[in-house]
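The next block holds one structure in the form of structure tokens; read it before the comments.
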Amino acid sequence: MKTQPATVFQTSMRFGLIGGGAAVLFSLVGMVEVFGQRTIIGGVVSMGQAFVAIAMLLSAYAAARQLSSVSSSAMLTAGGLTGVTVGALLAALVLLGTSINIRDVFVSASPPLFELLSFGQSPVPGMLLLLVAGMTMGLAAAALLFLSPAMRSTAISVLLAVGVVGLLADLLRIIISQWAYVAPLVEWVFSGKGLSVPGALAIAAVVIGLDVLANRRRNKAHNLAALPATALQKRMRTGALMALLLVLPLLLGTYVSEVLDQVGLYVLMGLGLNVVVGFAGLLDLGYVGFFAIGAYVMGMLTSPELGLASLSWWSALPIAVGVTVLAGMLLGVPVLNMRGDYLAIVTLGFGEIIRLLALSDALRPWTGGSQGIQLIAKPVVGTVVLDDQLKLYYLILAGCLLAGFISSRLRDSRLGRAWMAMREDEDVAQAIGINLVATKLLAFSVGAAFGGLSGAIFAAKLGAIYPNSFGLLISINVLALLIIGGMGSIRGVIVGALVLVGLPELLREFAEFRLLVYGALLVMMMLYRPQGLWPEEARKLEAHGDGDNSNGDQTAAIPA
Amino acid sequence: MRKNSLGRLTITDVVMFAVGLGLAGVIVAGSAATLSSGKYTLAQWQDLFIFGLAQGSIYALIALGYTLVYGVLRMINFAHSEVFMSGPYTAYFFARYMFNIGFLQAYPVAGLLIVSAISMLTSMAIALTVERIAYRPLRKAPRLVPLITAIGASFFLQYTFRGLYGSGIDRYPELAILKGSISVLGVRVLVTQALVIVAAAVFMGLLYAFVMLSKTGKAMRAVSEDKETAQLMGIDVDRIITTTFALGGALAGAAGVLYALIFGQVQFYMGFVPGIKAFTAAVLGGIGNVPGAMVGGLFLGVFESVGPSLFLDGLGIPAPNQLKDAIAFTMLVFVLIFRPSGILGERLATKKA
Chain G
5 MKTQPATVFQ TSMRFGLIGG GAAVLFSLVG MVEVFGQRTI IGGVVSMGQA FVAIAMLLSA
65 YAAARQLSSV SSSAMLTAGG LTGVTVGALL AALVLLGTSI NIRDVFVSAS PPLFELLSFG
125 QSPVPGMLLL LVAGMTMGLA AAALLFLSPA MRSTAISVLL AVGVVGLLAD LLRIIISQWA
185 YVAPLVEWVF SGKGLSVPGA LAIAAVVIGL DVLANRRRNK AHNLAALPAT ALQKRMRTGA
245 LMALLLVLPL LLGTYVSEVL DQVGLYVLMG LGLNVVVGFA GLLDLGYVGF FAIGAYVMGM
305 LTSPELGLAS LSWWSALPIA VGVTVLAGML LGVPVLNMRG DYLAIVTLGF GEIIRLLALS
365 DALRPWTGGS QGIQLIAKPV VGTVVLDDQL KLYYLILAGC LLAGFISSRL RDSRLGRAWM
425 AMREDEDVAQ AIGINLVATK LLAFSVGAAF GGLSGAIFAA KLGAIYPNSF GLLISINVLA
485 LLIIGGMGSI RGVIVGALVL VGLPELLREF AEFRLLVYGA LLVMMMLYRP QGLWPEEARK
545 LEAHGDGDNS NGDQTAAIPA
Chain H
3 MRKNSLGRLT ITDVVMFAVG LGLAGVIVAG SAATLSSGKY TLAQWQDLFI FGLAQGSIYA
63 LIALGYTLVY GVLRMINFAH SEVFMSGPYT AYFFARYMFN IGFLQAYPVA GLLIVSAISM
123 LTSMAIALTV ERIAYRPLRK APRLVPLITA IGASFFLQYT FRGLYGSGID RYPELAILKG
183 SISVLGVRVL VTQALVIVAA AVFMGLLYAF VMLSKTGKAM RAVSEDKETA QLMGIDVDRI
243 ITTTFALGGA LAGAAGVLYA LIFGQVQFYM GFVPGIKAFT AAVLGGIGNV PGAMVGGLFL
303 GVFESVGPSL FLDGLGIPAP NQLKDAIAFT MLVFVLIFRP SGILGERLAT KKA
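Protein chains in written order, with this note's numbering: chain G, 5 to 564; chain H, 3 to 355.
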């Protein structure tokens, strides 16, 4: 793109301003302050400071890498200069915030933020410290580039591991103290709300050790051709995974079970939307509508409150799923002719119409209006009522496994191939004899069925539903997890749900910034990794097979 | 799906036709019932109509942004509703400051102009940033890709503004000169509504003149006709796209201030509903078509304002105004189904572009 190599100064300024802008934005939207209370290493570093440090590290790293062809001194200078620029922008923010009152406008520009940014010092030494910190981080980032790739990846893993364990310290503490043998470890590894210093060092040592071992094994295996896993190995792996899934909530306690339930419901919805968007390439933004219909039909049929019917959960389930499938077909018919963005908008309209209808007084006798529906039946298996997170977990797990099995069989079936052909090119698909009407409607109805099942379980889980639980944000959440995981990828759905639903549940402070981060993630994924975090093998090949330019990546990974 | 254009009738077409006929019947029956019941007076209908007109002119201004961008890029700028929100929300702080020091009361016209200018500039800046970061690198990517980044950008902006300015509702200062009502041809019109309608008309006129008469406007039309050929004719396509986003952003900023004048409040979520309505308006008028967006906006505004009382009331539906938004969405869906070309446009929804 550039005709002349940019100078060291230009490069550092550019990356410094980008990184600094990001850091200032993090601060002003309140992320730094809110996460400032989340300690990673007790008394040393908090998540809020880590955000600032990450902005410095990443921008300096990018700046230094761009100059890696020039000279090592240029890299170091650029790294340092970029870091200082980021620090300077933050220092300017501190100066502005402490000298005049900008809190009237920017609600998050509070004294604690500036205290945090200036390391608890008074403004002037704090600002100097920021510059020094920027320089150190920048130099460190540039120095990372001098390490051998193996050592660099070890260093990054150590930072990540300490960060993640520190962040989840609260939770890990509760979990570990349940296991009698290792409980004494808790006091040693954790301090306050984060890790203790020896704890952090211990984790670093463990990660380094594991990394060295892994490297040695990899070197050894390097000489042998990688053999494909045998059927037995595959079966054993599946068995082990199943066993793990079965005992997981027992090991981790109630809170994590609740989180896993949520993740499971989103996996179900994600699998459904995956059929529509990932397999068939029909961008549906009103997917929450099917979730709502499933939940509402379940509510109407089982709640004695409305006096419509009081079936048991299991006998209402087929009706709920059936109605959702019907709704999927009905909504599918009018949009048969539409493509791309029009389809997205119309389905978004459908989703909103369903919510508005549920909310309106006009349908109050059936949907309860804004009061929603209470007293929804719980599923009963034998004599056990599935009424807590742990028991529902198994129901949701069964649902996910069923949906996953159906999806994977469908993917490899004739219908699945028809969907994918349609995704790649509708006209060609029609020309080779695919019945577009039937294929599209089947995609909508299979997708709707999974959504309806998820809704039915959701209704039973909460025991009460309200129209406002079915907003557009759910559709966006599901779409985001699909894109993060990799569209069309079944395992991607699971990864996406764990990352986008599981992590925020574990990090309560995150809830406030959830959609901000989702939005940024959607844009960044499309820019840098359109095939998702864990795409299917075939798509990976498609994405990397044709040419090495990044444009080729994008064209192959996402259907038109 | 090409069957339709070949003139063959499918079952789907018949079913859809029946549904459309039924819907039209319901609307006519409802309207007749309401009108014969005489529940509303003529003055009430006039009020509803004028309010609809004011709201519709705001929709029209926002719709122009969708339409302009669609014209040159063939993409729906989902983040446009946040472009609309960012302007008046930022300008609010200036308005409040000017109100507190008494400037806004002393020089209301100058004050309002300053507020509008700030709002337009902010919206323009946001529109340009979004284009630069989220759309330009992906211009050659498949259609779904920029659509997804647009959705992402929309949420990112919404919640960034929530983080910056807080999640509460902020009330725009009230101005004495905007209170009361005037009489136009014997019809009572609130001053705010009159101002909104006139200002929107001026902006629309300016834009139309710009697109039709200026050299840049001509280039814009050329780019929307055929990008490659326009480039061969020596038009800097990137610059034209930037100009288009800037124009759309400025109009959205202006619409935002007018919206804030009518409803008196701003918040981070204010863009979503007007945004989707304006999109409906753009589709209604034929997306990519400048006069179409204006007509569509006005039509939707009036339909939405008069509609619930007109035909839902007559059908005995309680609290019809709750279904106002549902009406707009339903209309969007039906327009896309029955006449995707809109009132003034060509058939585009099924085109691959």
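Heads up, the beta-carbon is just placed ideally off N, CA and C, and yes, glycines get one too.
Residue pairing of G198 (chain G) in beta bridges, as defined by DSSP: G:S195. Residues of the stretch 485-501 of chain G that bring their beta carbon within less than 8 Å of a beta carbon in chain H comprise I487, in sequence order.
In the three-state reduction of the DSSP assignment, Q267 (chain H) falls in the strand class. Taking the CA atoms as reference points, A247 (chain G) sits about 17 Å from G257 (chain G). Annotation: A54 (chain G) to F157 (chain H) spans about 24 Å, alpha carbon to alpha carbon. Separation of A112 (chain H) and G165 (chain H) (C-alpha to C-alpha, rounded to the nearest whole angstrom) is 31 Å. Residue-level contact by beta carbon holds for V335 (chain H) and chain G, with a gap shorter than 7 Å. No beta strand (DSSP E) of 3 residues or more sits fully in the stretch 420-453 of chain G. The three-state secondary structure of S185 (chain H), taken from DSSP, is strand. For T81 (chain G), the enclosing alpha helix (DSSP H) stretches over residues S76 to S103. Per DSSP, I78 (chain H) is not a residue of any alpha helix (DSSP H), being assigned neither H nor E. Under a 10 Å Cβ-count criterion, G84 (chain G) is classified as buried, with 16 or more other Cβ atoms of the shown protein chains found around its own Cβ.
The alpha-carbon of Q434 (chain G) is positioned some 25 Å away from that of A453 (chain G).
Counting only residues of its own chain and dropping the five nearest sequence neighbours on each side, Y522 (chain G) has a CB closer than 6 Å to the CB of A484. Neighbours of A348 (chain G) across chain H, judged by C-beta separation under 7 Å: L149.
A straight-line Cα-Cα distance of about 29 Å links I487 (chain G) and A328 (chain H). When DSSP states are grouped into helix, strand and coil, S307 (chain G) belongs to the coil group. The shortest C-alpha to C-alpha distance from I171 (chain H) to any of H:G67, H:I64, H:S311 and H:Q267 is the one to H:Q267. Just so you know, the alpha carbons of A78 (chain G) and L61 (chain G) end up roughly 17 Å apart. In this structure, G459 (chain G) lies near G298 (chain G), with their beta-carbon atoms less than 7 Å apart.
Exposure of P369 (chain G) is indicated by the presence of fewer than 16 other C-beta atoms within 10 angstroms of its C-beta.
Between the C-alpha atoms of M304 (chain G) and L245 (chain G) there is a straight-line separation of about 37 Å.
When H:F53, H:A56, H:A65 and H:L260 are compared, the shortest CA-CA separation from V285 (chain H) is found for H:A65.
K382 (chain G) and V267 (chain G) have their alpha carbons spaced roughly 20 Å apart. Inter-residue distance for L367 (chain G) and M18 (chain H) is about 24 Å (C-alpha atoms, whole angstroms).
Within chain H, no C-beta atom comes nearer than 8 Å to that of D288 (chain G); the closest sits roughly 12 Å away.
Interface flag for F95 (chain H) against chain G is set, since a Cβ pair is found closer than 7 Å.
The residue among H:M122, H:L149, H:M214 and H:A224 with its C-alpha nearest the C-alpha of S88 (chain H) is H:M122. For T140 (chain G), the uninterrupted alpha helix (DSSP H) segment begins and ends at P127 to L148. In this structure, the CA atom of V28 (chain H) is about 31 Å from the CA atom of S473 (chain G). The three-state reading of DSSP puts L192 (chain H) in strand, counting E and B together. Counting other Cβ atoms within 10 Å of its Cβ, W317 (chain G) reaches 16 or more and is therefore classed as buried. Spatial neighbours of A159 (chain G) in its own chain (CB-CB distance under 8 Å, excluding positions within 5 residues in sequence) are listed in chain order as L148 and L151. Under the 10 Å beta carbon count, Y185 (chain G) is surrounded by fewer than 16 other beta carbons and is classified as exposed. By the criterion of a C-beta distance shorter than 6 Å, T81 (chain G) is surrounded in its chain by V12, once the five residues flanking it on both sides are discounted. With the criterion set as a beta carbon lying under 8 Å from some beta carbon of chain H, the members of the stretch 109-124 of chain G are V109, F110, V111 and S112, in sequence order.
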